[in-house]
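So the first sequence is residues 0 to 479, counted in numbering that gives the first Met the number 0. Glycine included, C-beta positions come from ideal geometry on N, C-alpha and C. For reference, the structure is listed below as structure tokens.
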Amino acid sequence: MADNNKKMVEAITSMEEDFAKWYTDVVKKAELVDYSSVKGCMVIKPYGYAIWELIQKQMDERFKALGHENVYMPLFIPESLLQKEKDHVEGFAPEVAWVTHGGSEPLPERLCVRPTSETLFCEHYAATVHSYRDLPKLYNQWCNVVRWEKTTRPFLRTREFLWQEGHTVHATAEEAVAETEQMLNVYADFCENVLNMPVVKGRKTESDKFAGAVATYAIEAMMHDGKALQAGTSHYFGDGFARAFNMTFTDKENKLQYMHQTSWGTTTRLIGAIIMSHGDNNGLVLPPKVAPTQVIVIPIAAHKPGVNEKAQELVERLSKRFRVKADFSDNSAGWKFAEYEMKGVPLRLEIGPKDIEKNQCVLVRRDNREKYFVSLDNLEEEIETLLDTLGKALYEKAAGNIANRTYRCASIEEIKQNLAEKGDGFVLAMWCGEEECEDKVKELTGVGSRCIPFKQEHLSDTCVCCGKPAKHMVVWGNAY
RNA sequence: CGGGGUGUGGCACAGUUUGGUAGUGCGCUUGGUUCGGGACCAAGAGGCCAUGGGUUCGAAUCCCGUCACUCCGACCA
């Protein structure tokens with residue numbers, strides 16, 4: 000037993016020892032990605048991609064239920080098109096990748112690989128929307144984008160990443176604002192109910208908003224180490240892009256109007272968020288709704304007659320309701336236990352000769368390793384309940400982490416003290432609204448503003464930095 | 001982009017200081033015994049030592065460049 004424990008501990012670096020190394024160990028050991036020969040471009044392996052497909056499917060259903068349609072825009076953006084909106088091009092310029100040649104021919108105009116597709120959607124909407132009858136347009140696309148980042152980490156920051164970007168245009172500002180808020184809520188609901196990950200909804204400060212936006216909203220999740228991770232954003236553009244791209248339509252009174260616009264996105268970073276929210280020292284822990292395998296069936300003493308047959312029978316039966324696999328390899332049972340824990344499979348089903356005799360099996364939860372001896376007669380109901388319970392437990396655990404690591408602070412000193420004593424977390428403190436104070440807090444304490452949460456608390460009357468009257472409570476923190 | 005570390009069979013590493021023609025463990029293949037928490041025995045297969053150049057009779061080892069990974073900062077989904 001001591002030996003076994005030793006081997007398991009050595010399998011990956013423990014979180015407490017080195018959280019960053021733990022993360023990359025899990026990513027590799029759970030077979031989510033592999034590195035490629037281009038820095039920051041990762042091979043997403045079948046198991047990792049299967050998680051992404053489950054995220055896509057369930058998110059896409061929610062988009063479509065709200066009337067959105069999927070489209071596909073080109074990979075390339077001509078330089079002149081990218082430059083039409085000034086703030087936008089300035090914001091993205093440092094990380095844009097350029098194509099200058101087609102084969103050996105120099106291109107008449109440089110093309111960039113899309114870092115985001117606002118400009119393409121703008122061009123398209125300008126060309127195709129003419130009347131108020133054409134509005135709203137609620138488009139979304141699932142694609143890859145490229146941002147030439149300096150430092151990269153699998154899922155959290157890669158040069159090429161997969162995402163969805165919704166781009167909508169509306170006849171009125173009110174409609175566009177409502178869309179922005181609605182989609183932020185969709186993201187928050189998705190994170191909480193599908194990924195079992197609590198998030199803070201809020202607005203980004205002026206300095207932190209999307210290049211070209213009037214307002215940027217975001218959901219912030221907290222990772223196990225207390226650092227924040229932006230899990231989704233939703234932007235309200237007003238008519239800024241519309242004016243730059245001449246996106247007009249004729250309203251009911253036959254007047255020419257500019258369109259009102261939004262965009263919103265989530266990325267493969269969500270997979271990184273899952274890993275760092277729920278994972279433990281035995282590896283990945285997957286939320287049941289995005290687990291490619293929800294139940295792994297492990298035959299015990301498989302050489303004994305009838306065991307493999309029974310296991311196969313269970314797989315066929317349970318596959319009607321769950322994502323189920325069995326491991327019939329001749330690895331030892333212990334090896335399989337460790338393997339599927341590493342991969343974060345929510346439930347393990349053990350079936351051996353003793354179980355068959357008693358018409359039962361053993362179910363083991365990934366999150367806490369609790370064992371349940373369950374009759375084969377009502378197995379489906381038990382699994383359903385356990386998956387549900389496990390999902391809720393993941394949420395509660397993550398919420399507990401946030402509660403433990405939320406520091407309400409009334410002074411710079413208090414912020415420093417909390418961070419020093421308890422580590423990274425969400426610092427709640429009042430702010431006057433001046434960028435100068437935002438920068439100063441960052442400089443003095445190391446934590447930047449994450450967002451101005453919708454759920455405001457009145458901690459004090461004055462800004463934590465300058466002492467002038469406070470306008471908002473801000474969540475401050477270190478971020479990925 | 002600044003600072004540190006690393007690159008040697010699929011994986012984790014030793015060998016580099018002091019140049020002499022590559023080794024260990026795990027994994028893999030085959031056969032057998034095992035099987036309720038990472039089993040064991042036996043026999044095998046697998047490496048122009050990241051890459052380009054240089055020094056040398058001779059380079060994994062010394063020198064110069066490049067690339068990638070990784071950690072810590074600054075920037076970002």
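Residue environment analysis places H457 among the exposed positions, since fewer than 16 neighbouring C-beta atoms fall within 10 angstroms of its C-beta. For the pair N253 and A125, the CB atoms are not nearer than the 8 angstroms cut-off. According to the DSSP assignment, E159 belongs to no alpha helix (DSSP H) but to the beta strand (DSSP E) extending over E159 to H169. Membership of D33 in the beta strand (DSSP E) is indicated by the continuous run V32 to Y34. Counted as a single uninterrupted DSSP element, the beta strand (DSSP E) harbouring A220 occupies residues A214 to M221. Taking 8 angstroms as the cut-off, the beta carbon of V294 is found closer than this to the beta carbon of I382. According to the DSSP assignment, P352 belongs to the alpha helix (DSSP H) that extends over P352 to K357. Setting aside the 5 residues that flank it on each side, Q181 has no residue in the same chain whose C-beta is closer than 6 angstroms to its C-beta. By the CB criterion at 8 angstroms, M196 and N281 fall outside the cutoff. When secondary structure is reduced to three states using DSSP, Q181 falls in the helix class. The alpha carbon of F372 has as its nearest neighbour, out of N358, D366 and R365, the alpha carbon of N358. Boundaries of the beta strand (DSSP E) harbouring P298: V294 to P298, taken from the DSSP string.
Following the DSSP letters along the chain, one finds S331 in no alpha helix (DSSP H), marked with neither H nor E.
With three or more CB-CB distances shorter than 8 angstroms, the stretch 418 to 432 counts as touching the stretch 466 to 474. If only uninterrupted beta strand (DSSP E) runs of at least 3 residues are considered, those enclosed by the stretch 68 to 111 are 75 to 77 and 96 to 101. Comparing alpha-carbon positions, the option among L134, W97 and D59 lying closest to V193 turns out to be D59. DSSP, reduced to helix, strand and coil, places T204 outside both helices and strands of the structure shown, so it counts as coil. Here E219 really is in contact with G201; their C-beta atoms are around 7 angstroms apart, less than 8 angstroms.
Of all alpha-carbon atoms in E315, V199, G271 and S276, the one lying nearest the alpha-carbon of G390 is that of S276.
Straight-line measurement puts the Cα of L183 at about 25 angstroms from the Cα of Y406. The shortest CA-to-CA distance from D86 to any of G239, D460, A272 and V446 is the one to G239. The stretch 104 to 116 and the stretch 33 to 43 do not touch, with fewer than three beta-carbon pairs separated by less than 8 angstroms.
Here F244 is not bridged, per DSSP, to any residue. A direct Cα-to-Cα measurement between Y479 and G447 gives close to 12 angstroms. Within the same chain, H166 come within 6 angstroms of F120 by CB-CB distance, once the 5 residues on both sides are set aside.
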